[in-house]
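To convert, note that position 496 of the sequence shown is 496 in the UniProt record's numbering; the numbers rise steadily by one, no gaps.
Idealized CB from N, CA, C, for every residue including glycine.
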Amino acid sequence: MQSLNLIQRAGADLELWLVNFFTFWGTFCAKYPIPVIIVSLSIAIGLCTGIFWLNVTTDPIELWASPSSRSRVERDFFDKTFRPFYRITQVIVKAKNLSSFKYDDFLGETKSFGPIFHKEEFLFPLLELQKNIENIKTKENGITLKDICHAPLEPISDVCNIQNIWSYWQDNQNELEKIEFNSDTNHNDTYLDHFIVCSRNPTTSQAETQMKQSCMSKGGIPVQPYYMLGGFIPENEPFPQNPSYHEASAVVISIMINNYDHNSPNPEEIKKLEKALEWEKAYVEFMLEWTKNPENTKYMDIAFTSERSIEDELAKETYGDISTIAVSYIIMFIYITFSLGENTTWKRFMVESKITLGLGGVIIVLLSVAASIGIFGFIDVPATLIIFEIIPFLVLAVGVDNIFIMVQTCQRDPRGATETHVEHVGRIVGEVAPSMLLTSVTESTCFFLGAISDMPAVRAFALYAGMALLIDFLMQVTCFISLISLDMARQNDNYYDIICCVRGSKKNVRQNGGEGVVYKLFKHFYAPFVMKEWVRAAVVIIFFGWFCTSLAVTPRIEVGLDQKLSMPDDSFVLKYFTFIEKYLSVGPPVYFVVDSSNVDLSLPGIQNKFCGGAGCSDESLNSLINLWSKQPEKTYIAAPAQSWIDDYLAWTIDDSCCKYRAVDMSVCQSNGESKAKAQSALSFIDKFFENDDFFGGNSVNDFDDYDHEEEEKEESNSSKNGVLPESMFSKYDQFYYYEDEDDNQNSVQTKKGRSKRATDSCIKCPNSDDAIDLKRPGPKAFRRYMKWFLEDNPGERCPKAGHAAYSQSVRLKAHPQKDNESFFQYNVIASNFMTFHTILKTPKDYYEALRWARRLSSEIENSINGNLTDKSQGVKVFPYSIFYVFYEQYLTMWSDTINSLLVSFLSISIVTFILTGFDFLTSIIIVVVIAMILINLMGMMYFWNISLNAVSLVNLVMAVGISVEFCSHIAKAFTHSMEETKILRAKSTIINMGSSVLSGITLTKFGGIIVLAFANSQIFSIFYFRMYLGIVLIGAAHGLIFLPVLLSYIGPPISQPKMEMMQLRKRKTGLSQSKADIFK
């Protein structure tokens, strides 16, 4: 000891202290087994009660997106500022058993129409299906679609926003069947001609056919053809410049349902969300039943989904595979239970059996997992389903390995001549517990540090796994030591296992340790073979080549998770995902959100940085989006944005659009519907005229129409206050009755009535006196009419009215007081501009679309803010789409993976260095071999088509932990071997420790893993079966082949303090031989 330096002396002292401490502790547990078992079990069971307070998270957003991540923050801003994105219910219907057909259209061209245009076979049944869906009524509370759907014209109209090809005929079969002869073209115009016009201009109110039908839906909403048609894009080609919509072979029915935050503090919103969930459940049940009828699907191949379907199917998959997981664990339990015994002869089977001990070890492992879950239940750390699927596997791998090492060391290391039973157990614990401490603390530290990950699912897994491993170690060095002591005493007294009250007929306890099958195989065949000179050289070359190959292909691992893999093989959603890839013609909508609370959009100079029309900047928001949409294959932007500001500027100066009533300062509806239905001060007049035959059954809105047609003729007679000429109302004087303020008697006040009615007439919105450009509203006018624009419903007279398209896209802040002309004024504090991504098929498409959208938003923000030094005084721009929160993780997946693994390796290096007695070389060897295991595992991921995502990242972190088991026990045993040469020490290590590692980890896991290959879902068969199999086989290959060979070349020399310590222990126990010598 005197020749050692300070670090070596400290390491020797630490190792000696650990051996002495665990010897004392093992002796104590063996001496008082019953109290130790009772106390340890009581504590563990008490911790398990926290499960009753456990909060399990199943929301995918809460699982994979950190609350502080950019996508979550932006999503929360969008939801709170505007509204949560709609819940989408979709039906994709592909025509089958129908062929295309030729048709001579009204333009004199011959076109080939796709199979969806067969009326009797396809279109009429399609309408019937839509009507059936609209009529779905839930059994529980009678919820219908109208109760939950998004109605863009509310409160004027409750028509649901359903996008379907039938929108071009207002969901009316009679409209589609209209045929009229056009004498100019000598052609019978039909529904096919109408479709041609509508596909080119969906906003037209009178199609250029003889029928003069409107193309807008029955709710007055234009529906773009690429929303609802599929199969017209040539395979593997981008969206065409001039799409042939008439060649479509599929129809997409999209139903928009109002969405609400499930964490909202508002109980009314939660109730509305529950209604939506209830209806969606009934919808799925209806569709499953409807598609079973062969008559319904004779000409239709149907895929469908609802907003809740993915989460429902994920839950179904998880619970559906519980049986597979259970069988896997049962196989492992059976192996553990029956493989611990020595079983020398059948006569002594019941005596030498370790079934009870093995069962006790398994129960300890399960209790450790349950106690870990309970602890975090007490402190309210949410759990995830991945914890229940992976952590038992991990703790079994670690815990069972320690069980085998401890039990088999007791079997192979006989009691000394002067040792008592209790001292024997204490000595064995002193030998193996430091190695168990090394692996357990290393793995726990590795996982606890892994909890710094931003990804909630990874963080939760790391916390629960680290705690479970720590508790498992504590239970093994308390409860399990006591169980070993009781079991050894039972066997020494020749009592049966399980039936402990029955004694064997013959007592024949061997004084030498037993040799199991695996031990004999390692001793007589495997260890001598591996330690041959040429074999060792070949092992180094092969493993080095394997490592280099894996290192080369690792960067080429695909990032992402194909959503189809997450579904059960028999899921209806799986077919929907397939149909999306084939028949969807446009990608998800993307909103470019602008926080403009620090700028004044009423100023023309600021407007020019947003708009896209005449006079606008070439680098404005709309101009940049339009420019990027010219390269959709690169930017993933499919079309120019829908610009509320351009439509608003046009609406304010259009004589047919911006009009208001002075009587209540409300907007005149462009679609002819009166705001009185919502909040009119003249509601009694509406009721009076509602059924009047003179007005053809229409409401007071006929005055609006009359005013619109006649106002130009009599504009010169109108006064400045908007009073119309008396002649206009001479017919209607009898209908106006007012109270005379002078004599308080009822009388007909004709002129007063006319004036009163005149104030209810529609007045054109005047421009303000601060206007510079007469083609635009001045700043005051911009602020005055903004709210009216968002309340005005589009119609034939003014399709640019903003209620339907922009009422949820612009947020205003009212000035505290009216201006000098008694107008309210509003500032735009936030708004969004919607466009679409291109068709997104692969995970890479999704996260690259997000990457490019962020680049575009950054360019837009820089362009608008210009040379502002203080960015807080400018606008903030970011993109938002419903899928961003799920795919953002893939933008940083490689950096997250590297960071997590580096933290793991750092913790392993530090803890291993300390607990190996400050043995730098041994700790470096362990870390290097674990790194090789990990790189080779990632190489296997590439060759076996396993992508890098959150699930595989969790598995990689777990692989680091299990690799510690494969390496640390072997390396620790090598440093304690007292053989003369490194080769003999490596050989001894393989025989004594290698056989336990093979029995404890490899064989235990192998049977259970094979069962996972038969799981119902691809995600289990790929990310659990394949990766678990790789972890075990690659870890075993490195721990049992490469590491002993590496140690035989560059392993640390024999430690003199360790040799002295071993000799001292042998003298105390009366042993004259090392463990390796016993069986020679």
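Sequence-distant partners of Thr23 (beyond 5 residues in either direction) whose C-beta falls short of 8 Å from its own C-beta, in its chain, are Gly426, Arg427, Val429, Gly430.
Secondary structure at Pro843: helix, using DSSP grouped into helix, strand and coil. When the Cα atoms are used, Asp184 and Phe195 turn out to be separated by approximately 20 Å.
Nearest to Ser99 by C-alpha distance, out of Cys548, Pro115, Leu385, is Pro115. Per DSSP, the continuous beta strand (DSSP E) segment holding Cys762 begins and ends at 762 to 764. Distances from the CA of Tyr260 to each of Phe333, Ala276, Val432 were compared; the closest alpha carbon is that of Ala276. Here the C-alpha atom of Lys272 lies approximately 7 Å from the C-alpha atom of Ile148. In the three-state scheme derived from DSSP, where H, G and I count as helix and E and B as strand, Asp896 is classed as helix. In terms of Cβ geometry, Arg985 and Gly1035 do not form a close pair [threshold 8 Å]. Taking C-alpha positions only, Glu558 is separated from Thr89 by approximately 30 Å. CA-to-CA, the gap between Lys609 and Glu247 works out to about 40 Å. Under a 10 Å Cβ-count criterion, Asn936 is classified as buried, with 16 or more other Cβ atoms of the shown protein chains found around its own Cβ.
Ser309 and Arg87 have their alpha carbons spaced roughly 11 Å apart. Following the DSSP letters along the chain, one finds Pro589 inside the beta strand (DSSP E) bounded by residues 589 to 595. Approximately 6 Å separates the beta-carbon atoms of Phe836 and Pro589; this is inside 8 Å, confirming the contact. The C-alpha of Pro152 is placed about 28 Å away from the C-alpha of Glu177. Distances from the CA of Leu1043 to each of Ser968, Ile1009, Met436, Arg556 were compared; the closest alpha carbon is that of Ser968. In this model, Leu357 and His424 are separated by some 18 Å (Cα to Cα).
About 6 Å separates the beta carbons of Ile946 and Ile1022, which is inside the 8 Å limit, making them a contact pair. The beta carbons of Ile391 and Val362 sit about 15 Å from each other, so the pair does not count as a contact at 8 Å. Sequence-distant Cβ neighbours of Ala468 in its own chain, meaning closer than 6 Å and more than five residues away, are Ser368, Val369, Ser372, Ile391, Val395.
Between Pro843 and Asp562, the gap from beta carbon to beta carbon is short of 8 Å. Taken through DSSP and simplified to helix, strand or coil, Met834 comes out as strand. Comparing C-alpha distances from Ser629 to each of Thr838, Tyr519, Met287 shows the shortest one belongs to Thr838. It is roughly 29 Å from the alpha-carbon of Cys501 to the alpha-carbon of Ala417.
At a Cβ-Cβ threshold of 8 Å, Met300 and Ala95 count as neighbours. In the same chain as Val56, and ignoring 5 residues on each side of it, the C-beta atoms closer than 6 Å to its own belong to Ala383, in chain order. Beta-bridge partners assigned by DSSP to Ala383: Val56. In this structure, the beta-carbon distance from Gly220 to Pro604 does not fall below 8 Å.
Taking all protein chains shown into account, Ile542 has fewer than 16 neighbouring C-beta atoms within 10 Å of its C-beta and is therefore exposed. According to the DSSP assignment, Thr89 belongs to no alpha helix (DSSP H) but to the beta strand (DSSP E) extending over 87 to 95.
For Asn598, the closest of Pro879, Trp25, Val875 by C-alpha to C-alpha distance is Val875.
The three-state reading of DSSP puts Tyr1028 in helix, counting H, G and I together. A residue is called buried once 16 or more other Cβ atoms fall within 10 Å of its Cβ, and Asn832 is buried on that count.
Along the length of the stretch 911 to 979, whole beta strand (DSSP E) runs at least 3 residues long do not occur. Judged by DSSP in its simplified three-state form, Ala433 adopts helix.
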